[in-house]
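Enquirer: Here the working numbering is used: the first residue of the sequence shown is 17, the next is one more, and so on. Quick one: the structure is below, and I'll ask about it shortly.
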Amino acid sequence: MKTTIKKIILLASGSGSNVENIIKYFDKSSNVEVVLVAGNNKNAYVFERIKPYNIETLVFDKLYFKEKFINIIDQNNTDLIVLAGFLWKIPESLIERYPNKIINIHPSLLPRFGGKGMYGNNVHKAVINSKVKKTGISIHLVNNEYDEGNIIFQAETSVHPEDTLAVIERKVQSLEKEHFPRVIKEYLSKI
Ligand code: GAR
Numbered sequence: 017m018k019t020t021i022k023k024i025i026l027l028a029s030g031s032g033s034n035v036e037n038i039i040k041y042f043d044k045s046s047n048v049e050v051v052l053v054a055g056n057n058k059n060a061y062v063f064e065r066i067k068p069y070n071i072e073t074l075v076f077d078k079l080y081f082k083e084k085f086i087n088i089i090d091q092n093n094t095d096l097i098v099l100a101g102f103l104w105k106i107p108e109s110l111i112e113r114y115p116n117k118i119i120n121i122h123p124s125l126l127p128r129f130g131g132k133g134m135y136g137n138n139v140h141k142a143v144i145n146s147k148v149k150k151t152g153i154s155i156h157l158v159n160n161e162y163d164e165g166n167i168i169f170q171a172e173t174s175v176h177p178e179d180t181l182a183v184i185e186r187k188v189q190s191l192e193k194e195h196f197p198r199v200i201k202e203y204l205s206k207i
């Protein structure tokens, strides 16, 4: 019997450590293929980082993202779009066309510390300032509001009073590396 290969597109704006981790997880022997890594910033380290993997890349501007990116998604028969450190808001046109097919990872236990401007270290600073005792990651569906779509998965880690920004960042990133690819795989098996 022929195995169906699920196709995913990864969107990223920054360093791309999650993108690389996902690419490595879905190696040639898996039934998931990363067909494209796309983003809004041509200078983002993600594009340097993934050169050895020979995966197609694309850099777009706002207009292209809003109007033409749909064609790229369709041409690739994409099963899932994964935001891995992608900072632009997703246009409504994409959300309507691909319901439940766009997921995001956020570096906090949503609904706390989400929303516009809450990304990367901004989130961790807010966590430290609020003196909460735990933080973590949330993987969720993308809807029209920043970080408000249905949550698929969360994992938590402790926050100690002496924890610095770097410590919190490391703990959260370690959860991301541990769980994100597996959650993608499990989600793909259900859609
Ligand atoms: C990750 O921690 C991800 O959770 C966060 O950006 C980082 C990207 O790191 N995403 C957000 O804050 C979205 N609001 P990476 O580029 O090394 O994967």
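We treat Cβ as the ideally placed atom computed from N, Cα and C, and that holds for glycine.
1. Would you kindly work out how many angstroms separate the C-alpha atoms of isoleucine 153 and asparagine 37, rounded to a whole number?
2. If we ignore side chains and look at the alpha-carbon of each, how far apart do glycine 55 and isoleucine 71 end up?
3. By a C-beta neighbour count over all protein chains shown, 10 Å radius and 16 as the cutoff for buried, is lysine 61 buried or exposed?
4. Check whether the Cβ of phenylalanine 34 lies closer than 7 Å to any heavy atom of the ligand GAR, and answer yes or no.
5. Between the Cα of valine 139 and those of Asn159, Val188, Lys105 and Asn116, spot the shortest distance and give me the residue it belongs to.
6. May I have a chain-ordered list of the beta strand (DSSP E) segments no shorter than 3 residues that lie completely inside the segment 47-98?
7. Using C-beta distances below 6 Å, list every residue in its chain close to alanine 142, excluding the 5 sequence neighbours before and after it, in chain order.
8. Looking at the structure shown, is glutamate 172 part of a helix, part of a strand, or coil, going by DSSP?
9. How long is the line joining the alpha carbons of glycine 30 and asparagine 159, rounded to whole angstroms?
10. How many angstroms separate the CA atom of lysine 117 from the CA atom of aspartate 77?
11. Whole angstroms are fine: how far does the CA of serine 33 sit from the CA of valine 50?
12. Identify the residues that DSSP records as bridge partners of asparagine 166: which are they?
13. Give the secondary structure of serine 154 by DSSP, where H, G and I count as helix, E and B as strand, and everything else as coil.
14. Tell me, to the nearest whole angstrom, how far the beta carbon of glutamate 172 is from that of threonine 151; I am working on the premise that it is less than 8 Å.
15. Could you tell me the alpha carbon to alpha carbon distance between phenylalanine 102 and threonine 19, rounded to whole angstroms?
16. Compute the Euclidean distance between the alpha carbons of lysine 148 and threonine 180, then round it to the nearest angstrom.
17. By Cβ distance below 7 Å, which residues in the same chain neighbour lysine 82 in space, the five residues on each side in sequence not counted?
Expert: Based on what the coordinates show:
1. 16 Å
2. 13 Å
3. As written in the sequence, residue 61 is tyrosine, which differs from the lysine given in the question. Result: exposed.
4. The identity of residue 34 in the sequence shown is asparagine, whereas the question assumes phenylalanine. Yes, Cβ of asparagine 34 sits closer than 7 Å to a heavy atom of the ligand GAR.
5. Val188
6. 48-55 and 73-75
7. Phe129
8. strand
9. 22 Å
10. 22 Å
11. 15 Å
12. Asparagine 166 pairs with nothing; no bridge assigned.
13. strand
14. 7 Å
15. 30 Å
16. A small correction: the amino acid at residue 148 is valine; lysine does not occupy that position in the sequence shown. Approximately 13 Å between the Cα atoms of the pair.
17. Pro107 and Ser109
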